[in-house]
Structures are given as structure tokens and as C-alpha cells.
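Numbering (this note's numbering), first residue to last: 35 to 348.
Positions of the beta carbon are idealized from the N, C-alpha and C atoms, including for glycine.
Please read these numbers as outputs of a predicted model, since none were measured by experiment.
Below is one structure, written out as C-alpha cells; the observations come after it.
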Ligand code: SF4
Ligand code: SF4
């Protein structure tokens, strides 16, 4: 597994970043034992970079990575935009990961320069945490081209976690080419860049080879986060990242049925999830939430809004 230094941070990361949303309670809800096996397989293959978030609620799963290999790189993020909120989320991460620092702490889903300025109180708190040694680098995640250009304007932000893939699915304000151009500018500015959703949240599974080639050929990406939910998927993705041929039996093993968003029948139709969906993929039908699978990018942000835990990817 190749590795790179993440921008100007000095942090060396494997080109493949283990996207952990998939193993946690919002998606496949693997047991701690199952997660440990999947994480151990990734570590065995040279993957040292793990991405999570406060809302993924899976720090207890990722603790296994630290127990097996204490110097793994962990990136986390939260929606907090106040100093108190971000400190509270960071403390939760430190406590639940069982570590006295996190490598990367990002503000989740920032939209533009204005959003970043509006959340500056949280960024100042993170700058202070970085000085104190509890965070090694800070940054943002974004689904928007304007989010990348916005982050470029602030030297305080070390890392950007943008969405890019072959067709641009999930980019809210532009094309893949426009996002690639923004990423190129960020790279020139010295930002560390690790992208997300190379397979469009499962929507590009039918163009898997072309999708892998597309992101792996973007030299500006230091690393690429990809969700994995089984040992076979780890082995498959590692082969793709390494440019190796995938054996037929492994190809067959990972070609499972497409994932889809599932809304349980106890949905009360409160509509809170609809407000969280930037893709406008949810509507109410007969008093219950219903998903338009053509629009849904399986980001799972809606599921967090549902206090009754009706929404899952299965
Ligand atoms: S997972 Fe939910 S929030 Fe995300 S695109 Fe699909 S319906 Fe919208
Ligand atoms: S938030 Fe939950 S209960 Fe409310 S409409 Fe969405 S799925 Fe249904």
C-alpha cells in the first residue's frame, strides 16, 4: 500500500483510507468482534488511515485499530459550530477512542467561505486544541466546490475532505471537473486532501473499474476514503489501490446486491429527515418518509435526524 504525506501536516497516511461509517450502527452495525477482524485485515494490508465522525457513533469499533497499531491515523469530524460544542465532541472522541489525541479533526459538511467564517468560533477552539496537542491537524469536509475554494482561503485549515467521483454524483454545486479544479488549487496551497465517496455511496457500483481509475489517477488526492464492511471488501479495495488484478473468486464475493436505504414501517412521518437531505431524495408519502433511490447518495445524514432510528442502509 502506497502512502503519502497529507499536505503540509507531516502526517503520513496510506493512499487507502478506511471509511468506517459502513461498519457502525448507521449502516451494517457490525459487532465489535466483526469490526476488529475487518480493521485487522486492513492494518495487515498496510492501511493506517481511518475516517470516522461524531455522528457515526463508532469510536468503540475504531478503538480496536489503536489497540492493534497504536500509531494509526484517525480522522474525525462533527457538526458542532460553537467552541463549547466542538470541545465536547472532541472530548467524547478522546474518551471513547482511549487516546489523548486525534490526528485530524474536521468541521463536517462546510459549504463555503461564509459557512467557515460563521463557524470560526469552533475553528478557534480547534486551533487552541492543536496548540495543546490534543489534535494534530484541523480542516473541513465538504460536498461543495465552494467549500473547497472557501477552505483554501484560510491557512489555519490544514486538511480538506471533499467529495469527488467519476460522475460527480453527490457534488451539490458543480461537476467532477469543477471539483477537481478546486482540489488542484487546494493542493497548490499546501492542503492535505483525502476524498470521499469514490463509488458515489454505492451508486457507481456498475462502473466500479472506471470509478476506481478516475480517483486513483487524481494525483492531487493524498488519500481516498472508501467505506468497507467486510474482510473481502478490504482485500478487494486494497488490490484496486495497489493496481493488482482482483481474482475472480474475490470479485464474485464482493459483487453482492446493491445497497439501499431502508425506512422502517414505524416511521411517524414527522419530516425531520427530509430537512437533512441536501439531495432532496426524501418525500412524505401517505404520512411516511419515502426515498427516491435515483437521487439518494447513501450519505446517511438523514438517519441521524430520526430519533426513532427508522433509517438504515442495508
Ligand atoms: S441517505 Fe438520506 S440524506 Fe443522504 S441522500 Fe439518501 S435520503 Fe438524502
Ligand atoms: S425522521 Fe424518522 S420518523 Fe420522522 S419522517 Fe423521517 S424516518 Fe420518519
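Quiz item: Per DSSP, what kind of secondary structure is residue 234 in: helix, strand or coil?
Solution: Locating residue 234 in the chain shown gives position 200, where the first residue counts as 1. Of the three classes helix, strand and coil, the one that applies to residue 234 here is helix, per DSSP.
Practice problem: Mind checking which residues open and close the alpha helix (DSSP H) that includes residue 245? | Solution: For the purposes of this step, residue 245 is taken as the residue at position 211 of the chain shown. Per DSSP, residue 245 belongs to the alpha helix (DSSP H) from 242-250.
Quiz item: Are residue 110 and residue 139 touching if we call contact CB-CB under 8 Å?
Solution: Start at 1 with the first residue of the chain shown, and residue 110 comes out as number 76. Start at 1 with the first residue of the chain shown, and residue 139 comes out as number 105. Cβ atoms of residue 110 and residue 139: closer than 8 Å.
Quiz prompt | Rounded separation between residue 337 and residue 48 - CA only | solution = Mapped onto the chain shown, residue 337 falls at position 303. Mapped onto the chain shown, residue 48 falls at position 14. If you take the alpha carbons of residue 337 and residue 48, they lie about 30 Å apart.
Quiz prompt | residue 340 Cβ short of 7 Å to ligand 1 heavy atom set | solution = Working through the chain shown from its first residue, we reach residue 340 at position 306. Result no, Cβ not under 7 Å from ligand 1.
Quiz prompt | Best match in 295, 345, 289 for proximity to residue 306 [C-alpha to C-alpha] | solution = Counting from 1 along the chain shown, the entry for residue 306 is found at position 272. Answer by Cα proximity: 345.
Quiz item: Mind checking whether the beta-carbon of residue 333 lies closer than 7 Å to any heavy atom of ligand 1?
Solution: Translated into the one-based positions of the chain shown, residue 333 becomes position 299. Flag set: Cβ of residue 333 near ligand 1.
Quiz item: Which ranges does the alpha helix (DSSP H) cover as unbroken runs of at least 4 residues, wholly within the stretch 127-215, from first to last along the chain?
Solution: 147-152, 154-166, 179-186
Self-check item: Cβ shell of residue 221 (< 7 Å), same chain only, five flanking positions each side left out
Solution: Here residue 221 corresponds to residue number 187 of the chain shown, with the count starting at 1. Here the set comprises 227, 254.
Quiz item: Excluding five sequence neighbours on each side, which residues of the same chain lie with their C-beta closer than 7 Å to the C-beta of residue 298?
Solution: Within the chain shown, the letter at position 264 stands for residue 298. Counting only Cβ-Cβ distances below 7 Å, and skipping sequence neighbours, we find 344.
Quiz item: By Cβ distance, which residues of its chain are closer than 8 Å to residue 81, with the 5 residues on each side in sequence left out?
Solution: Along the chain shown, read from residue 1 onward, the residue named residue 81 stands at position 47. Within the same chain, residue 81 has close Cβ partners 35, 48, 50, 51, 52, 268, 272.
Quiz item: Quick one: does the C-beta of residue 61 sit closer than 7 Å to a heavy atom of ligand 1?
Solution: Along the chain shown, one-based indexing puts residue 61 at 27. The answer is no for residue 61.
Quiz item: Can a CB atom of chain D be found closer than 8 Å to the CB of residue 145?
Solution: Although the question refers to chain D, the structure presented lacks it and comprises just one protein chain.
Quiz prompt | Outcome for residue 193 when other beta-carbon atoms lying within 10 angstroms are tallied against a minimum of 16 | solution = As a first step, residue 193 must be located in the chain shown, where it is residue number 159. Buried.
Exercise. Quick one: using the 10 Å Cβ neighbour count with 16 as the cut-off for buried, is residue 349 buried or exposed?
Key: What is shown of the chain runs 35 to 348, which leaves residue 349 out entirely.
Quiz item: From the DSSP output, which residues share a beta bridge with residue 261?
Solution: Within the chain shown, the letter at position 227 stands for residue 261. Answer is 53.
Practice problem: With residue 109 as the anchor, note down where its alpha helix (DSSP H) starts and where it stops. | Solution: In the chain shown, the residue the question calls residue 109 occupies position 75. Residue 109 -> not in any alpha helix (DSSP H); beta strand (DSSP E) instead, spanning 107-112.
Practice problem: Would you mind stating whether residue 15 and residue 130 have Cβ atoms separated by less than 8 Å? | Solution: Residue 15 falls outside the range modelled here, since the chain spans only 35 to 348, and no answer is possible.
Quiz item: Got a sec, what are the start and stop residues for the alpha helix (DSSP H) residue 288 sits in?
Solution: Counting from one through the chain shown, the residue named residue 288 turns up at place 254. Residues 282-288.
Practice problem: May I ask you to check if the CB of residue 87 is nearer than 7 Å to at least one heavy atom of ligand 1? | Solution: In the chain shown, residue 87 corresponds to position 53, counting from 1. Answer for residue 87: no, Cβ out of range of ligand 1.
Quiz item: Since residue 340 and residue 61 are thought to touch, with beta carbons under 8 Å apart, how far apart are those beta carbons, to the nearest angstrom?
Solution: As a working mapping, residue 340 is identified with position 306 in the chain shown. As a working mapping, residue 61 is identified with position 27 in the chain shown. Incorrect: roughly 14 Å between the Cβ atoms, too far for contact.
Self-check item: Among 72, 327, 283, 223, the one whose alpha carbon lies nearest that of residue 314
Solution: The residue labelled residue 314 in the question sits at position 280 within the chain shown. Per the Cα distances, 327.
Quiz item: Distance, Cα to Cα, residue 219 vs residue 150?
Solution: Here the question's residue 219 lines up with position 185 in the chain shown. Here the question's residue 150 lines up with position 116 in the chain shown. Taking the straight line from one Cα to the other gives about 18 Å.
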